[in-house]
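Student: Please see the structure below; I have some questions.
2 protein chains.
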Amino acid sequence: MSDLVWKSIADLTRLIVAREISPVEVVQAYLERIESLDGKLRAFITVCRDEALGAAKAGESAVRRGEALGSLHGIPIALKDLCATKGVRTTAGSKILSDWVPEEDATVVARLRAAGAIVLGKLNMHEFAYGPEGLNIHFGSAWNPWDAQTHRIAGGSSSGSGVAVAAGLAAGALGSDTGGSIRIPAALCGVSGIKPTYGRVSRAGVVPVAWSMDHVGPMGRTAMDAALMLGAMAGFDGRDPTTSALPVPAYTARLTGEVRGLRVGLLRAFFLESAGLVVRQAVEQAAKQLERQGARVEEVELESAGQVAGAAFAISASEALAYHEKWMKTRPQDYAPDVRDRLRLGAFVSATQYLKAQRARQLIRREVDALLADHDVLIAPSTPIVATPVGQTEVMVEGDRRDVRASLTRLTRAFNLSGHPVAAVPCGFTVAGLPMGMQIVGRAFDEATVLRVADAYQRMTDWHLRRPPMASEAPAAPPTSQGVVG
Amino acid sequence: MSDLVWKSIADLTRLIVAREISPVEVVQAYLERIESLDGKLRAFITVCRDEALGAAKAGESAVRRGEALGSLHGIPIALKDLCATKGVRTTAGSKILSDWVPEEDATVVARLRAAGAIVLGKLNMHEFAYGPEGLNIHFGSAWNPWDAQTHRIAGGSSSGSGVAVAAGLAAGALGSDTGGSIRIPAALCGVSGIKPTYGRVSRAGVVPVAWSMDHVGPMGRTAMDAALMLGAMAGFDGRDPTTSALPVPAYTARLTGEVRGLRVGLLRAFFLESAGLVVRQAVEQAAKQLERQGARVEEVELESAGQVAGAAFAISASEALAYHEKWMKTRPQDYAPDVRDRLRLGAFVSATQYLKAQRARQLIRREVDALLADHDVLIAPSTPIVATPVGQTEVMVEGDRRDVRASLTRLTRAFNLSGHPVAAVPCGFTVAGLPMGMQIVGRAFDEATVLRVADAYQRMTDWHLRRPPMASEAPAAPPTSQGVVG
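Now the structure itself:
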């Protein structure tokens with residue numbers, strides 16, 4: 021039965037619609053794996069066993085009755101625990117919101133359910149999504165499934181999303197990305213994901229980090245799976261005034277596998293140059309593979325890259341503190357020390373510094389636009405490093421001592437400032453078996469091209485097919501009727 | 021000859037096009053008055069005598085040759101000295117920019133010239149437009165023409181614009197409005213003006229105060245004159261990314277004089293209630309006059325009005341300092357003390373305070389929108405007080421001691437935050453002969469309705485026809501050939 025969980029979303033939907041398998045079987049397969057593996061992996065904060073089984077049964081009936089079925093009918097997904105779910109606690113990985121039970125689904129959740137998706141549960145994350153490691157003192161930090169011996173970070177803040185998808189505990193997951201929080205766990209866990217264009221996907225009902233930098237997006241085992249989810253989630257939402265009215269293309273129809281004639285900009289300075297040798301070689305190798313398929317690869321430079329960290333800090337820190345200010349006054353002891361310390365930094369940002377950061381942001385956005393005027397996509401590593409052991413704060417990169425936290429977001433934040441869509445796909449493994457990831461950046465609202473390149477790359481490589489060692493452990497025990505509601 | 025200067029822009033254009041008068045005569049009439057009156061009034065920082073006469077002669081030739089003529093052909097206007105003018109110094113009323121000679125016209129200037137307007141010169145203003153009194157230590161403060169004995173403020177920051185239009189030194193003028201800088205001098209000088217919707221008029225080439233609050237707009241003796249100028253200035257500009265692509269209606273065709281069935285909201289709490297008795301009565305009287313013409317007047321309340329001052333301060337102060345920061349470090353002594361002190365306050369605004377102010381701004385904007393869902397326009401006094409003597413910092417309003425500066429902007433700033441279009445028209449005079457003004461607020465991008473109400477009001481009243489005592493003084497001497505280049 022466990023083979024079911026490795027099927028693609030498209031295949032699963034086909035089998036369900038053809039009545040070859042029931043959504044109930046699929047959901048049960050996933051719940052069994054969660055029961056068996058998640059004690060150690062800690063991908064989930066809350067498992068919605070009964071709700072998921074109920075939804076699966078309803079989905080099964082709908083198939084039997086020959087009803088019109090959505091594009092994700094019967095697909096078991098899981099949600100980063102900052103997406104509001106009606107009647108199910110939504111903690112944002114925090115103690116402060118540990119008792120919050122929303123009365124309404126976030127728009128993205130409602131849309132995924134409307135397309136037939138079944139919610140298995142709510143996923144672990146860095147507290148309040150404010151950290152790139154994916155650590156959590158309240159619910160325990162997720163365990164990167166690529167190393168069964170050492171507790172390595174899964175990357176954050178969407179750590180549970182990365183782990184659940186990588187370990188076969190969900191067919192797809194929602195993540196959110198303020199400084200790289202979809203792309204970093206995608207890289208460190210060896211899965212695919214996309215940070216859509218700012219304004220493409222509604223944030224209504226999603227606990228914010230920094231409103232002008234926050235993006236919600238799907239994570240899956242392949243670009244195709246992510247495209248299927250994105251198609252169900254994207255588009256204008258009256259509940260989120262930042263969403264765009266631009267129409268949402270049929271993404272999967274655009275995944276033609278074709279990259280001939282495509283102009284690819286390879287970001288060397290700052291991006292490739294920051295990365296460790298193996299990461300650099302993996303991305304260079306990916307560029308060569310695209311070239312062999314007919315793409316034209318040219319090296320390009322984002323000259324304003326040096327301004328990214330400062331501008332992203334000033335904007336995120338002050339927007340995050342503006343949201344957290346009341347709790348920081350009334351319940352500071354309820355934050356993890358690292359999150360509290362980082363939130364405090366926001367108070368040292370002056371309004372003029374914030375405005376100068378917004379000015380730098382304009383510059384960065386225009387420069388990315390200018391690069392994309394001459395190129396269809398840009399590619400770069402997702403992270404300069406691979407997953408580090410939990411607790412390790414520094415890492416050696418080519419003989420240089422580097423801060424883990426700063427390294428994790430170094431290559432991703434530019435595109436939170438600029439708002440461009442970025443897919444993240446696995447592009448190789450270290451000799452120790454740890455995954456590496458590549459970013460594919462596209463023009464504003466051109467997720468279709470970004471996903472096309474990601475999918476084409478996955479048709480010529482098999483990095484996305486590798487399974488982490490911790491995903492293949494045999495279930496420890498049969499599921500109990502009580503389930504594992506967290 | 022001096023009668024020419026009191027003709028409306030529409031009449032002047034008709035006479036010029038019909039070859040009954042020459043643009044040269046018109047410009048000469050204005051230049052003579054400037055020569056004669058401006059020594060005391062100080063409306064101008066720079067008079068462009070030769071350029072204006074040259075343009076007038078070219079305009080005369082164009083008429084003679086039967087060329088296609090613009091809507092403002094031969095109309096002498098003057099520009100607040102923060103609008104860049106090619107080859108003519110543009111000081112922003114400051115010492116710091118006293119030698120700046122732009123290489124290009126601001127978009128609004130280029131558009132007015134393209135419509136045939138002739139630039140008489142550059143107008144006095146509060147230094148860097150950062151003060152509502154219209155004081156200026158570098159060029160001397162403009163003198164309110166309604167009191168020949170006492171040097172009273174003209175209102176700011178567009179003090180020269182108010183004085184030039186009121187005293188017949190220009191047929192129309194450009195002003196800018198960050199916290200009321202068009203509406204305050206319009207009120208205190210008894211002229212008409214409009215702060216257009218944020219995004220309606222380009223700010224390219226206009227020295228900024230606070231980019232998210234700045235608006236550029238026309239001032240004239242009537243709403244009709246302002247409408248004629250606005251029509252020539254408004255619309256999308258590739259040089260200003262904040263401009264809207266919405267089409268610009270033919271405003272003058274919309275000034276039908278009709279207000280029947282129009283729903284008018286009268287802002288009593290905070291607005292009428294802040295004003296002195298005579299101002300209050302004048303606006304109430306105006307409401308009754310609109311009612312007699314068939315409008316339906318209802319009292320309405322902007323509940324968020326109490327948040328306006330704090331939000332406007334946090335946003336303006338920090339945006340202004342972000343622009344001035346370098347000069348404040350290198351040339352602090354070159355600012356007037358009041359401007360320097362106010363700019364310094366910007367440093368005490370934190371990024372989170374700025375963000376909370378932007379949040380309050382959303383609330384205020386939505387509340388104004390909600391009021392305008394049920395009403396076509398809102399009316400309120402422009403200022404709670406009339407022109408005070410230069411140097412007086414406090415004023416008694418109905419037995420309460422009030423700060424002059426805070427009072428001047430108290431009723432205008434809400435609509436810089438909200439971005440809605442607001443016309444300002446004279447609505448009465450105190451027994452001492454000082455003018456009072458009324459604001460007419462409309463829906464975003466609905467300048468047409470705002471101007472229609474203003475024009476209809478002026479068809480039933482004659483406040484806008486009164487001439488200030490200092491406008492009727494006989495010329496002291498015939499103009500010299502050297503002119504008065506400032």
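Residue numbers (our numbering), protein chains in the order written: chain A, 21 to 506; chain B, 21 to 506. Yeah, the Cβ is synthetic: ideal placement off N, Cα and C, and Gly gets one too. From a predicted model like this one, the values you see are computed outputs, not experimental measurements.
(1) Is the stretch 203 to 217 of chain B touching the stretch 170 to 188 of chain B in the sense that three or more CB pairs, one from each, lie closer than 8 Å?
(2) Let's see if you can read the secondary structure: which residues bound the alpha helix (DSSP H) around B:Ile36?
(3) With distances taken between CB atoms, is the gap from B:Ala367 to B:Arg430 smaller than 9 Å?
(4) Considering only their Cβ atoms, is the gap separating B:Ala191 from B:Val185 smaller than 9 Å?
(5) Between the stretch 250 to 269 of chain A and chain B, which residues of the former have CB atoms less than 8 Å from a CB of the latter, in chain order?
(6) Does the Cβ-Cβ distance between A:Tyr374 and A:Ile399 come in under 9 Å?
(7) Using DSSP's beta-bridge definition, name the partner residues of A:Thr66.
(8) Identify the continuous beta strand (DSSP E) that holds A:Leu194 and give its terminal residues.
(9) By the 8 Å beta-carbon criterion, what residues does the stretch 369 to 395 of chain B contribute toward chain A?
(10) Can you give me, in chain order, the residues of the stretch 346 to 371 of chain B that have a beta carbon less than 9 Å from any beta carbon in chain A?
(11) Let me confirm a value: A:Ser42 is counted as buried when at least 16 other C-beta atoms fall within 10 Å, else exposed. Which label applies?
(12) Any idea which residues DSSP pairs B:Val461 with across the strands?
(13) Starting from A:Ser338, find everything on chain B with Cβ-Cβ shorter than 7 Å and list it in chain order.
(14) Verify whether the separation of the beta carbon atoms of B:Ala134 and B:Ala104 is less than 9 Å.
(15) Taking C-beta pairs closer than 7 Å, name the residues in chain B that A:Ala342 reaches, listed in chain order.
(16) Can you give me the C-alpha to C-alpha distance between B:Trp120 and B:Thr111, rounded to a whole angstrom?
(17) My assumption, with CB atoms under 8 Å, is that B:Ala332 sits in contact with B:Arg433. Please give the rounded CB distance.
(18) Is the Cβ of B:Ala334 closer than 9 Å to any Cβ of chain A?
(19) Which residue comes first and which comes last in the alpha helix (DSSP H) that contains A:Met308?
(20) Could you tell me the alpha carbon to alpha carbon distance between B:Gly237 and B:Ala444, rounded to whole angstroms?
(21) A:Ser222 CB to nearest chain B CB: under 9 Å?
(22) Bridge partners of A:Phe449, per DSSP?
(23) Quick one: any contact between the stretch 307 to 327 of chain B and the stretch 381 to 391 of chain B, if contact means 3 or more CB pairs under 8 Å?
(24) Figure out for me which residue from B:Asp423, B:Pro216, B:Cys447, B:Ala193 has the closest Cα to the Cα of B:Gln309.
(25) Going by DSSP, what residue range makes up the beta strand (DSSP E) through B:Ser212?
(26) To the nearest angstrom, report how far apart B:Leu437 and B:Arg381 are at their CA atoms.
(27) Does DSSP put A:Asp354 in a helix, in a strand, or in coil?
(28) Could you tell me the alpha carbon to alpha carbon distance between B:Ala243 and B:Leu189, rounded to whole angstroms?
(29) Nearest-angstrom Cα distance between A:Ser427 and A:Pro404?
(30) Between which residues of its own chain and B:Pro489 is the CB-CB distance below 6 Å, once the five residues before and five after are set aside?
(31) How big is the Cα-Cα spacing for B:Thr413 and B:Trp166?
(32) Under 9 Å, do B:Val369 and B:Ser338 count as touching if we go by C-beta distance?
(33) Applying the 10 Å Cβ sphere with the 16-neighbour rule, what's the burial state of A:Val37?
(34) May I have a chain-ordered list of the beta strand (DSSP E) segments no shorter than 3 residues that lie completely inside the stretch 63 to 105 of chain A?
(35) Could you name the residues of the same chain whose beta carbon sits closer than 6 Å to that of A:Pro409, not counting the 5 residues immediately before and after it, in chain order?
(36) On the DSSP bridge list, what partners appear for B:His235?
Tutor: On the basis of the supplied data:
(1) yes
(2) What you label residue 36 of chain B is simply residue 16 of the second sequence in a count that begins at 1. Segment 29 to 37, the alpha helix (DSSP H) holding B:Ile36.
(3) Here the question's residue 367 of chain B lines up with position 347 in the second sequence. Here the question's residue 430 of chain B lines up with position 410 in the second sequence. Against a cut-off of 9 Å, the Cβ pair of B:Arg430 and B:Ala367 comes out as no contact.
(4) In the second sequence, counting from the first residue as 1, residue 185 of chain B sits at position 165. In the second sequence, counting from the first residue as 1, residue 191 of chain B sits at position 171. In this structure, B:Ala191 lies closer than 9 Å to B:Val185 by Cβ.
(5) none
(6) Counting from one through the first sequence, the residue named residue 374 of chain A turns up at place 354. Counting from one through the first sequence, the residue named residue 399 of chain A turns up at place 379. No.
(7) Position 46 of the first sequence holds residue 66 of chain A. Its beta-bridge partners are A:Lys142.
(8) Residue mapping note: residue 194 of chain A aligns to position 174 of the first sequence, counting from 1. Start and end: 192 to 197.
(9) Val369, Ser370, Ala371, Thr372, Gln373, Tyr374, Leu375, Lys376, Arg379
(10) If the cut-off is 9 Å between Cβ atoms, the stretch 346 to 371 of chain B has Gly366, Ala367, Phe368, Val369, Ser370, Ala371 near chain A.
(11) Translated into the one-based positions of the first sequence, residue 42 of chain A becomes position 22. By the neighbour-count rule (16 or more Cβ atoms within 10 Å), A:Ser42 is buried.
(12) To locate residue 461 of chain B, count along the second sequence from 1; it is residue 441. In the DSSP output, where bridge partners are listed per residue, B:Val461 has B:Leu398, B:Val442.
(13) What you label residue 338 of chain A is simply residue 318 of the first sequence in a count that begins at 1. Ordered by position in chain B, the residues that pass the 7 Å Cβ test against A:Ser338 are Ala371, Thr372, Leu375.
(14) By 1-based counting over the second sequence, the position of residue 134 of chain B is 114. By 1-based counting over the second sequence, the position of residue 104 of chain B is 84. No, they are not a contact pair.
(15) Taking the first sequence and counting its residues from 1, one reaches residue 342 of chain A at position 322. Chain B residues near A:Ala342: Thr372, Leu375, Lys376.
(16) Along the second sequence, one-based indexing puts residue 120 of chain B at 100. Along the second sequence, one-based indexing puts residue 111 of chain B at 91. Each residue's alpha carbon lies about 6 Å from the other.
(17) Residue 332 of chain B sits at position 312 when you count from the first residue of the second sequence. Residue 433 of chain B sits at position 413 when you count from the first residue of the second sequence. Right, their Cβ atoms sit about 4 Å apart.
(18) Here residue 334 of chain B refers to the residue found at position 314 of the second sequence. Taking Cβ atoms only, chain A reaches closer than 9 Å to B:Ala334, which makes this a yes.
(19) The sequence position of residue 308 of chain A within the first sequence is 288, counting from 1. Sequence inspection shows Lys at residue 308 of chain A; the Met mentioned does not correspond to that position. It spans 297 to 312 - the alpha helix (DSSP H) in which A:Lys308 sits, taken as one unbroken run.
(20) By 1-based counting over the second sequence, the position of residue 237 of chain B is 217. By 1-based counting over the second sequence, the position of residue 444 of chain B is 424. Approximately 11 Å between the Cα atoms of the pair.
(21) The sequence position of residue 222 of chain A within the first sequence is 202, counting from 1. Taking Cβ atoms only, chain B never reaches closer than 9 Å to A:Ser222, which makes this a no.
(22) On the first sequence, position 429 is the one that residue 449 of chain A refers to. For A:Phe449, which the question treats as bridged, DSSP gives the partners A:Pro455.
(23) yes
(24) For the purposes of this step, residue 309 of chain B is taken as residue 289 along the second sequence, with counting starting at 1. That would be B:Cys447, whose Cα lies nearest to the Cα of B:Gln309.
(25) The residue you call residue 212 of chain B lines up with position 192 of the second sequence. Start and end: 212 to 215.
(26) Along the second sequence, one-based indexing puts residue 437 of chain B at 417. Along the second sequence, one-based indexing puts residue 381 of chain B at 361. Distance between the alpha carbons of B:Leu437 and B:Arg381 is about 6 Å.
(27) Within the first sequence, the letter at position 334 stands for residue 354 of chain A. Helix at A:Asp354.
(28) Start at 1 with the first residue of the second sequence, and residue 243 of chain B comes out as number 223. Start at 1 with the first residue of the second sequence, and residue 189 of chain B comes out as number 169. Cα to Cα, B:Ala243 sits roughly 18 Å from B:Leu189.
(29) Taking the first sequence and counting its residues from 1, one reaches residue 427 of chain A at position 407. Taking the first sequence and counting its residues from 1, one reaches residue 404 of chain A at position 384. When the Cα atoms are used, A:Ser427 and A:Pro404 turn out to be separated by approximately 6 Å.
(30) Position 469 of the second sequence, counted from the start, is the residue given in the question as residue 489 of chain B. Contacts found: Ala168.
(31) Here residue 413 of chain B refers to the residue found at position 393 when the second sequence is read from its first residue. Here residue 166 of chain B refers to the residue found at position 146 when the second sequence is read from its first residue. Between B:Thr413 and B:Trp166, the C-alpha separation is close to 20 Å.
(32) Counting from one through the second sequence, the residue named residue 369 of chain B turns up at place 349. Counting from one through the second sequence, the residue named residue 338 of chain B turns up at place 318. Closer than 9 Å, so yes.
(33) On the first sequence, residue 37 of chain A is found 17 positions in, with the first residue counted as 1. Around the beta carbon of A:Val37, fewer than 16 other beta carbons sit within 10 angstroms, so the residue counts as exposed.
(34) 64 to 67, 96 to 100
(35) Counting from one through the first sequence, the residue named residue 409 of chain A turns up at place 389. Only Thr170, Arg172 meet the Cβ criterion.
(36) In the second sequence, the residue the question calls residue 235 of chain B occupies position 215. The partner list for B:His235 (beta bridge, DSSP) reads B:Asp197.
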